[in-house]
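Structure, as structure tokens:
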Amino acid sequence: MKQTMGKQPQGPSTALASALLLGLTLVLSVFSPQARSEPFQWPGGARAAVSLSYDDALPSQLDTALPALNALGLKATFYLTLSSPVVSQRLPEWRRAAAAGHELGNHTLFHPCSRSAPGRDWVAAHRDLDRISVTQLREEILLANAYLHAIDGQTERTFTAPCTDPLAAGQPYLPAIKTDFVGIKSRIGGVAPSMATLDPWDVSTAGPVDASGAALIAIVQEAAAKGTLASITFHGIGGDYLSVSQEAHQALLQHLAAHPKLYWVESFVKIAAHLRQQREPAATSRFEPASPPPAQDGQGRLVPAVP
Ligand SMILES: [Zn+2]
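In the numbering used here, the protein residues as written are 97 to 403.
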């Protein structure tokens, strides 16, 4: 069995079929747009991009996650629910996070979710996405962008859908805000299967709760093996709700920081902008990254850019 596999003699009809298949493959490869495009490249020759995000503006994100990221020089995105008192009461800290290179992302003002979905008794009636129109929600999201601009001065950012719910009053709302953002995290998932098909406005993200460090590291390792993008959405870090322990979070950050040739860890706004640049090199400056991609030294290690 083992020896005969793949060694069967080819008859004339098999040889003809093989020749036709080869010819067809060559014809398709000449006319396929993908075959002519360069392979996807992340800055610094990294194998994968990693987008770490922290939703809902929780105290443990400022107290635990942000110092851990800063200590290792890793950049992330904080998707703020802007009505949270943790935004208004700790404004200087969010502003410093933005100044340090983290993105303050849009997670709406009031975090509306569909109350009809399972386990959603906690959704207040006046924040029920089943009863909020697309027009009304877009107004809320644009006002959230204005508030964020007042905090960080930025004009480009990304969005994460509260509860990853795609419908407002039963209608898809993400298409209505697509032009207001560089990228959108819209679904549960985590690792992009292919860069050729990845839509920056429909990115899936993992939502680990009570996960181990090894489980978190496995997500980014999968992205490195595929050469794509890993997105992880955290809530509490060592506290608050839907939490991951401080130890598990730290284990992931140390793994990422220890392998700069494998992982480009950046804010989602810069990752999405890079994605667009790779696809459309002549894209307008609106989508250019705010800072140049990291430089490399002679050994291919990432080196910090000169200020
Ligand atoms: Zn949320």
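We treat Cβ as the ideally placed atom computed from N, Cα and C, and that holds for glycine.
Here the structure is a predicted model, which is why all the values come from computation and not from measurement.
When the Cα of residue i is compared with those of the options, which residue comes out closest?
i	options	result
arginine 192	His222, Ala368, Leu158, Pro135	Leu158
glycine 303	Val183, Ala257, Ala264	Ala257
valine 365	His331, Leu358, Pro296	Pro296
isoleucine 228	Gly266, Asn241, Phe277	Gly266
serine 341	Pro214, Ala319, Ala307	Ala307
glutamate 318	Arg143, Asp261, Ala344	Arg143
leucine 165	Gln350, Arg375, Glu376	Gln350
leucine 244	Val230, Gly285, Ser282, Ser179	Ser179
With respect to the beta strand (DSSP E) encompassing residue i, which residues constitute its N-terminal and C-terminal limits?
i	result
glutamate 199	199–202
valine 230	Run containing valine 230: none in the beta strand (DSSP E); it sits in the alpha helix (DSSP H), 230–248.
valine 361	359–361
For residue i, report the span of its alpha helix (DSSP H) as first-last.
i	result
alanine 326	Run containing alanine 326: none in the alpha helix (DSSP H); it sits in the beta strand (DSSP E), 325–330.
valine 365	364–375
alanine 213	Careful: alanine 213 lies outside any alpha helix (DSSP H) and carries neither H nor E.
valine 316	309–322
leucine 352	342–354
Write down the C-beta distance between residue i and residue j rounded to the nearest angstrom, noting that I regard them as a contact closer than 8 Å.
i	j	result
glycine 279	valine 299	6 Å
valine 361	leucine 348	Not really, about 10 Å apart at Cβ, beyond 8 Å.
serine 363	histidine 203	With a Cβ gap of about 14 Å, serine 363 and histidine 203 do not count as contacting.
threonine 329	aspartate 151	6 Å
Give the straight-line distance between the Cα atoms of residue i and residue j, rounded to the nearest whole angstrom.
i	j	result
alanine 195	leucine 170	14 Å
isoleucine 313	leucine 187	32 Å
arginine 223	leucine 358	42 Å
glutamate 252	glutamine 232	22 Å
serine 147	isoleucine 367	8 Å
tryptophan 190	isoleucine 237	19 Å
cysteine 209	leucine 168	34 Å
histidine 331	valine 183	15 Å
proline 268	proline 262	6 Å
glycine 141	alanine 326	16 Å
arginine 315	alanine 172	Arginine is not the amino acid found at residue 315; the sequence shown has isoleucine there. Looking at the two C-alpha atoms, the distance is approximately 16 Å.
> What are the start and end residues of each continuous alpha helix (DSSP H) run of 4 or more residues lying completely inside the region 253–304, in chain order?
Replying inline: Fully enclosed alpha helix (DSSP H) runs of 4 or longer: 270–273.
>> My parser needs the beta strand (DSSP E) runs of 3 or more residues fully inside the region 143–206; what are they?
In response: The DSSP assignment places 144–151, 173–176, 199–202 as complete runs of the beta strand (DSSP E) inside the region 143–206, in order along the chain (cut-off: 3 residues).
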